[in-house]
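Chemist: Just so we're aligned: the sequence shown equals residues 1 to 385 in UniProt numbering. A single structure is presented below for examination.
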Amino acid sequence: MQSPIVILTHVVNPAVIDGFIPAARRLGHEVILVTDQGLAHRERLTEVRILECDVFNPLAILDLLTEQAIRPAALFSNSDHLQTAAAIVARALDLPAKDWQVCYRAKDKLRMRERLTSLSLPSVWSHQLQPGATPQTDWPYPLVIKPSQGVASLDVCRVDSQHELATLLAERASSVPLLLEQFMEGPLFTLETLGDGHDLVAIGGFDVGLSAPPHFIETDARWQGPVSLAWQQQALEQIRRFGVGLGVCHSEFILTAKGPVLVEINYRSIGDGREFLLDQLLPGGWFEPILRLHLGQPLPAITPSTRQALIRYLVAERSGLLLLAPTPPSLPGLSYTALCQQGDKLLLSHSNKDYLGVIYLQADTAEALKLLHQDAMTAIHWEIN
């Protein structure tokens with residue numbers, strides 16, 4: 001067995017449990033999981049060495065690895081919150097590492113906007129709103145309000161006026177700063193990239209459907225849709241100039257009338273089940289190539305997928321008791337992951353926490369994919385009391 005791959009993680013993450021850990025083993029490496037939630041991970045993992053420390057503190061991680069005499073072959077994290085800490089630790093151990101400053105600026109949405117402006121890259125008006133601050137009438141409404149830190153899919157909302165913003169702030173009574181951004185009109189698309197620290201390549205992207213305002217729940221994602229295909233190179237150049245390099249990165253853009261503008265940079269793998277779809281679609285898989293980059297291997301030749309693919313998220317429309325859970329039909333090219341079971345109590349969060357399940361669709365042609373999607377959605381039903 002070769003030197004171990006150390007994976008830093010916070011909450012239990014399916015991509016780590018079912019993707020990266022098996023991939024590391026296939027590459028011949030033991031996995032050591034370092035987390036601040038050991039109990040939750042031990043309930044899911046019985047044959048993985050799990051160590052605990054404050055994973056948000058690079059010095060705590062370094063001290064733990066020193067005390068345990070662990071000399072990793074690679075140090076990796078797929079957590080939004082831990083990219084900066086992981087980059088600092090990897091650099092301290094002379095391992096392949098992301099630029100920690102880029103990680104920090106990508107994670108903090110205000111810092112991201114400031115860096116885009118400093119580099120003369122496309123951006124929008126933004127303002128950090130401190131707790132207790134008063135909304136102004138001359139701000140460029142409509143605005144999107146989101147956490148400055150944290151996951152943008154949670155607690156993100158559109159407001160169309162000073163009155164709406166003041167009402168929302170009174171309801172939330174937030175004790176942390178919030179970020180206001182000018183609302184961008186246009187379709188949402190993603191860019192998925194891999195890099196070895198020297199070269200950065202686009203693997204592809206998704207055209208993403210969203211629920212109606214004021215909330216922004218992703219309802220479907222079309223792999224290599226027309227928007228992401230048309231604007232892939234312009235989007236790639238933006239994140240290259242931002243500083244994205246080593247490893248995997250998932251970025252989101254709005255195609256405005258002036259071209260693509262970054263919504264956010266997630267300097268880790270795409271989630272919400274799409275990472276497992278890519279592992280099936282791409283001839284070289286998804287998880288192993290990412291780990292190889294952190295092992296210091298050069299970027300491999302990327303063979304594109306010829307398959308058509310669509311993900312459809314089944315979103316609860318209200319809170320209540322799930323009397324009838326979705327059960328999709330058995331069709332070639334269709335697979336399904338249930339996220340809720342009959343009898344579950346649902347409480348809407350207006351985020352991806354409201355997903356009842358995820359339908360994965362694959363076909364050889366765009367027309368076949370369209371028909372498969374129609375057949376699937378015609379047959380599927382659920383009931384919430």
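Positions of the beta carbon are idealized from the N, C-alpha and C atoms, including for glycine. On a predicted model such as this, the values are computed, not experimentally measured, just so you know.
1. If I measure Cβ to Cβ from Leu-314 and keep anything under 6 Å in the same chain, skipping five residues before and after, which residues do I get?
2. Which residue or residues does DSSP assign as beta-bridge partners of residue 405?
3. Could you tell me the distance, in whole angstroms, from the CA atom of His-373 to the CA atom of Ala-379?
4. I'd like the span of the alpha helix (DSSP H) that includes Tyr-360, first residue to last.
5. What's the gap between the Cα of Val-176 and the Cα of Trp-125?
6. Arg-26: buried (16+ other C-beta within 10 angstroms of its C-beta) or exposed?
7. Just the C-alpha distance for Trp-286 and Gly-132, rounded to the nearest angstrom, thanks.
8. Below 8 Å on the Cβ atoms is my contact criterion, and I expect Ala-309 with Leu-281 to pass it. Report the Cβ-Cβ distance as a whole number of Å.
9. Among the candidates Ile-145, Leu-277, Gly-271, whose CA atom is the shortest distance from the CA of Ser-335?
10. Starting from the C-beta of Gln-136, find all residues in its chain whose C-beta is less than 8 Å away, skip the five residues before and the five after it, and write them out in chain order.
11. Taking 6 Å as the cut-off, is the C-beta of Tyr-141 nearer than that to any heavy atom in the ligand ZN?
12. Count the other CB atoms within 10 Å of the CB of Gly-296; is the residue buried (16 or more) or exposed (fewer)?
13. The alpha helix (DSSP H) spanning Thr-378 covers which residue range?
14. If Ile-70 sits next to Pro-4, beta carbons under 8 Å apart, how far is it from one beta carbon to the other, in whole angstroms?
15. From this set, Ser-269, Asp-354, Gln-2, Val-102, which residue's C-alpha is nearest Phe-242's C-alpha?
16. Grab the span of the beta strand (DSSP E) containing Arg-318 for me, first residue to last.
17. Considering Cα atoms alone, identify which of Ile-384, Ser-330, Glu-383 is closest to Ala-376.
18. Between which two residues does the alpha helix (DSSP H) carrying Ser-118 extend?
19. In the DSSP output, what is Val-6 paired with across the bridge?
20. Using a threshold of 7 Å, state whether the C-beta atoms of residue 416 and Val-34 are closer than that.
21. Assess, as a yes-or-no matter, whether the region 190-206 is touched by the region 220-240 under the definition of 3 or more beta carbon pairs within less than 8 Å.
22. May I have the straight-line CA-CA distance separating Met-184 from Tyr-141, to the nearest angstrom?
Modeler: The short version:
1. For Leu-314, the CB contacts under 6 Å within the same chain, skipping 5 residues up- and downstream, are Pro-326, Leu-356, Gly-357 in chain order.
2. What the structure shows of the chain is the stretch from 1 to 385, and residue 405 is not part of that stretch, so it cannot be assessed.
3. If I take the Cα positions, the gap works out to 10 Å.
4. Under the DSSP assignment, Tyr-360 falls outside any alpha helix (DSSP H), being part of the beta strand (DSSP E) whose first and last residues are 355-363.
5. If you draw a straight line from the Cα of Val-176 to the Cα of Trp-125, it is about 20 Å long.
6. Exposed: under 16 other Cβ atoms inside 10 Å.
7. Rounded to the nearest angstrom, the two C-alpha atoms are 45 Å apart.
8. At roughly 6 Å, the Cβ-Cβ gap stays under 8 Å, so Ala-309 and Leu-281 are in contact.
9. Ranked by Cα distance from Ser-335, the first of Ile-145, Leu-277, Gly-271 is Leu-277.
10. Contacts found: Gln-162.
11. The ligand ZN is absent from the structure shown, which contains no ligands of any kind.
12. Exposed, by the Cβ-count rule.
13. For Thr-378, the enclosing alpha helix (DSSP H) begins and ends at 366-379.
14. Contact check for Ile-70 and Pro-4: beta-carbon distance about 7 Å, within the 8 Å limit, so the pair qualifies.
15. Comparing C-alpha distances from Phe-242 to each of Ser-269, Asp-354, Gln-2, Val-102 shows the shortest one belongs to Val-102.
16. From DSSP, Arg-318 is part of no beta strand (DSSP E); its letter is neither H nor E.
17. Ser-330 is the residue among Ile-384, Ser-330, Glu-383 whose C-alpha sits nearest the C-alpha of Ala-376.
18. Per DSSP, Ser-118 belongs to the alpha helix (DSSP H) from 109-118.
19. Paired residue(s): Ile-32, Leu-75.
20. With the chain covering 1 to 385 only, the question about residue 416 has no answer from this structure.
21. Between the region 220-240 and the region 190-206, the count of Cβ pairs shorter than 8 Å is three or higher; the stretches touch.
22. A straight-line Cα-Cα distance of about 11 Å links Met-184 and Tyr-141.
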